[in-house]
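Just below is one structure, and these are the notes that go with it.
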């Protein structure tokens, strides 16, 4: 739909039509094209109800200009009934602190009070606003999203999870998206383009000016999970043979430095990285010194292809606020700041926890039911395979089960104790591997220790469970068999908990994701077969 | 044992005795008391083997002084056979990159090459060295620890997990510990004191000078998991009515600023917090301006009692590098820097993942087997209760199990599918609660959505499992019953996954810790009882 200049009548008809259909976004688009005088003219041609609806679509900035030209009586009526007018708020909204922002926004949206909803959102930091939007059902999310101005939308986009980000970005018109994108730092822009489907992403890329496009293309060429994917190019670089006083003069000309500038990068004539000049050093240095005298020449740069895990570890170990990123031949490419590293740590930890349940941390909590069902069914399918594996093991011992029904009653106890004991070792080893604290150098010591724990806990619980089983079913044989089975399963579980992550890693599979399911298969199979097998041998 | 000045003969006897007993630490302590000349005198009285052993105990710094006074032939022999001499390294040690530091250190220790082991450790950053120490079995850990000088030991202590930290600190003599403690920042010192048992911790506190002790006592009064527990007091504060040029002059006098200083704190005459002056702003401001003109007055301080989770969120949301901490009445108390926040995020994420398996993230990976067994048995005991709960449910249906053995074979499938489906919802809700994205405001929407997913996945897998069960056992009845049971269990599991974390939180229990075990109890009970119950009704 092209938004050509419409005549007054056409405008009025178009607005009335849109109001009737509830297309408020279209109304706002029309209003944006009009001068204050034209809006007043339009308002005067509408009935009171339509007037109020139109009024609620007018932004805070435009309100003042229109009010001055409006009939005072009408102005007062509109203001009094406006959806963000204090008088129209229900009394309970006053104890705002007890009501969460989610509830507040949803109540406002339900009552059609868009201005009020926007105001609540406006009070939040963009990342908090992003969190709030994610917590809204998709329809409400879109409804409030379409009312945000582009600058704010851009700031919020950066902080959204990938799936929500892509879907909201696609709801924007090309020009809105472009406006929003222009508010972003290059690294955030890279993230946005990567989150979009190929077509719109490419279009956004092409709409940038040549220089930005070149820089974006460079940055897009690095893997997301690498130093290149985390870096930004807003650093300030200086030469080593310059005086401190000149640097200070130069900085004063800039008036403001890029966010998170704690150090300047020192380079040579070919832009080769030489070291850093800390601001804290700069302000304490004599003005007539040379940069080369006060710079830190031994502050290591990060290679652009370093993995993001390694970047995280470097930042944590060396307590860095920012670090230079260089190409393999030492050319300064950009810098990584600690805020992005912190986000990356948080994302990885979320991914790990969600991944253990077979969930995607970047997914929309309110994705359509069918989409979510399909995603989750994958993990259920994997589990079904291991469940049938366990069932087939039990199936081997139908004879024993037919004769002694107590076996069927007790067998889940054996399997579940093994599962818990194994998952403890598994968790310990997965963390050890991630931190580099478990490797061939100390594997044997760990193995001995874990086997010791498995055996001791095995003995402890074997005795206890044996006693309970004996008391329950009055059979000494069942007590012996279940005790022995628990001991066997706990020792095997500990062994499996230690070996499974090592084996999975050898095959390039993340043990944090698949480890617990594989472990469960092992402990089920060992638990059922040892218990039912021993029973077959000794009790039949 | 008091280390009074000993005569030459006494010294020699004492050294020979200690060497024979393998008490190298004692040898080093004796050596430290001697001048270079006395060491040479001592060496000359020993046999070649003893000479070499003593030599290996001498620190790098003292070596040079002793070498000049030593008989050249003896000096050369000692150096050639020294345990860090390149010639004595096995050839494969050259491809250091393939061999992990853990292996390298352990091999060196095993061969008695302590100097070499110390050198490997010396190349690492303190936090990496701490990680390496944690990865060593306790005996080797102590052996290398006793050889570290106090300064280095202090830096490493900070980065150790609590349990390892406390045990290594207790291995040090009082004076060594005090030496090490003097290297630490106040916030690290607070952590160390908190990690020690009450007695030694108090002793360490009392050994500080009056001012430090007062500051420590203040900081110890805040909960560990609060802004007060994360803060340090090394900030620089300035007054608002001073000129920028004076600040620059003042900073130049300091020569170096505290680590991670990206901003100065602006206070009034009563030390009340007014705002911050960023270094990046300072270096770009005209020198004749006032601090009040260039400071950020709207940069919020954190309340000293704010929870560490909230501090993390603020740092992440507002991308801060440091923030002021104030008392409730606005007095500046200290500042929190992003490196400590990052550590706190990492620790919380580790605690969450370890906690899910009932493990303590601060525990020593190589704690004595009995200690570890006792700790882990708690979780196994909790699990045993739920396992017997499930068993008792099965026990209700012994009649059905006796008649149809296929029920015993298939029942774990029903329970485990419910467990997986429930854990997906549980994980989603726990994350949502932690991020504030799930609350009463959107609970109903989420409930409807999750029930939808549970029903759809329930139908999908019910059909599949029913078909498999029918093909396996040739009974249409069993197919119907297991299908229905799976549908029921998946819907209940989703409901439980949603409600359990909410209920646990209401009772003040962390849902991340106890959630999955409670869920498992529910899905087992519902799974077994629905499957066996339906079978009893329809198949008997």
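Protein chains in written order, with this note's numbering: chain A, 1 to 540; chain B, 1001 to 1540.
The beta-carbon is built from N, C-alpha and C at its ideal position, and this holds for glycine as well.
The structure presented is a predicted model; accordingly, all values stated were derived computationally and were not measured.
query	result
Quick one, which of 332(A), 174(A), 328(A) has its alpha-carbon nearest residue 270(A)'s?	332(A)
Measure the CB-CB distance between residue 1321(B) and residue 1262(B) and report whether it falls below 8 Å.	yes
Within 8 Å of any Cβ in chain A, is that where the Cβ of residue 1328(B) sits?	no
Alpha carbon to alpha carbon, how far is residue 1062(B) from residue 1143(B)?	21 Å
What does a CB cutoff of less than 8 Å around residue 1178(B) pick up in its chain, not counting 5 residues either side in sequence?	1204, 1207
Would you report the Cα separation of residue 126(A) and residue 199(A), rounded to the nearest angstrom?	27 Å
Taking 8 Å as the cut-off, decide whether the C-beta atoms of residue 1477(B) and residue 1528(B) are in contact.	no
How many angstroms separate the CA atom of residue 89(A) from the CA atom of residue 26(A)?	Residue placement at residue 89(A) is poorly supported in this model, since its pLDDT is 46, which falls under 50; the coordinates still yield a value, given next. Those two C-alpha atoms are separated by around 27 Å.
How many whole angstroms separate the CB atoms of residue 276(A) and residue 240(A), which I take to be in contact at a CB cut-off of 8 Å?	Actually they do not touch by this definition, with Cβ atoms about 11 Å apart.
Name, going along the chain, the residues of the stretch 393-408 of chain A whose beta-carbon falls closer than 7 Å to a beta-carbon of chain B.	394, 395, 398, 401, 402, 405, 408
Does the CB of residue 453(A) have a neighbour CB from chain B at under 8 Å?	yes
Between residue 1390(B) and chain A, is the shortest Cβ-Cβ distance under 8 Å, so that the two count as touching?	yes
If you measure between the beta carbons of residue 1192(B) and residue 1170(B), is that distance less than 8 Å?	no
At 7 Å on the CB atoms, spell out the chain B contacts of residue 102(A), in chain order.	1439, 1441, 1442
CB-CB under 8 Å to residue 16(A), same chain, minus the five flanking residues each way: which ones, in chain order?	46, 50
So, helix, strand or coil for residue 477(A), using DSSP?	helix
Going by beta carbon distance, what residues of the same chain come within less than 6 Å of residue 1425(B), once the five residues before and after it are set aside?	1450, 1494, 1497, 1498
Check for me: the alpha helix (DSSP H) holding residue 324(A) runs from which residue to which?	First-last for residue 324(A): 322-326, but that is the beta strand (DSSP E), not the alpha helix (DSSP H).
Quick one, which residues of the stretch 1413-1425 of chain B are near chain A if we go by CB-CB under 7 Å, in chain order?	1413, 1416, 1417, 1420, 1421, 1423, 1424
Along the stretch 100-132 of chain A, what residues have a CB closer than 7 Å to any CB found in chain B?	100, 102, 103, 106, 125, 127, 128, 131
Span of the beta strand (DSSP E) holding residue 239(A)?	237-239
So, is the C-beta of residue 536(A) closer than 8 Å to a C-beta in chain B?	no
Run through DSSP, which three-state label would residue 1373(B) get?	helix
Under 8 Å, Cβ to Cβ, is there at least one residue of chain A near residue 1467(B)?	no
By the three-class DSSP mapping on this structure, what secondary structure does residue 273(A) have?	strand
Let me confirm a value: residue 385(A) is counted as buried when at least 16 other C-beta atoms fall within 10 Å, else exposed. Which label applies?	exposed
Would residue 1254(B) pass as a contact of residue 1237(B) if the rule is Cβ separation under 8 Å?	no
Which residue wins for smallest C-alpha separation from residue 1389(B), given the options 1488(B), 1519(B), 1344(B)?	1519(B)
Would you call the stretch 501-512 of chain A and the stretch 350-368 of chain A in contact, with 3 or more CB pairs under 8 Å?	yes
Kindly list, in the order they appear in chain B, the residues whose Cβ is closer than 8 Å to that of residue 212(A).	None at all; the shortest Cβ gap to chain B is about 22 Å.
Check each candidate in 402(A), 406(A), 416(A), 472(A) and name the one with the smallest Cα separation from residue 1382(B).	416(A)
Quick one: using the 10 Å Cβ neighbour count with 16 as the cut-off for buried, is residue 1412(B) buried or exposed?	buried
If you follow the alpha helix (DSSP H) that residue 253(A) is in, where does it begin and where does it stop?	244-254
For residue 558(A), go through chain B and note every residue whose CB falls closer than 8 Å to its CB, in chain order.	Absent from the structure is residue 558(A), since the part of chain A shown begins at 1 and ends at 540.
If you measure beta-carbon to beta-carbon, which residues of the stretch 1276-1304 of chain B are closer than 9 Å to chain A?	1278, 1279, 1280, 1281, 1282, 1283, 1284, 1285, 1286, 1287
Using beta carbons (cut-off 8 Å, strictly below), is residue 1260(B) in contact with chain A?	yes
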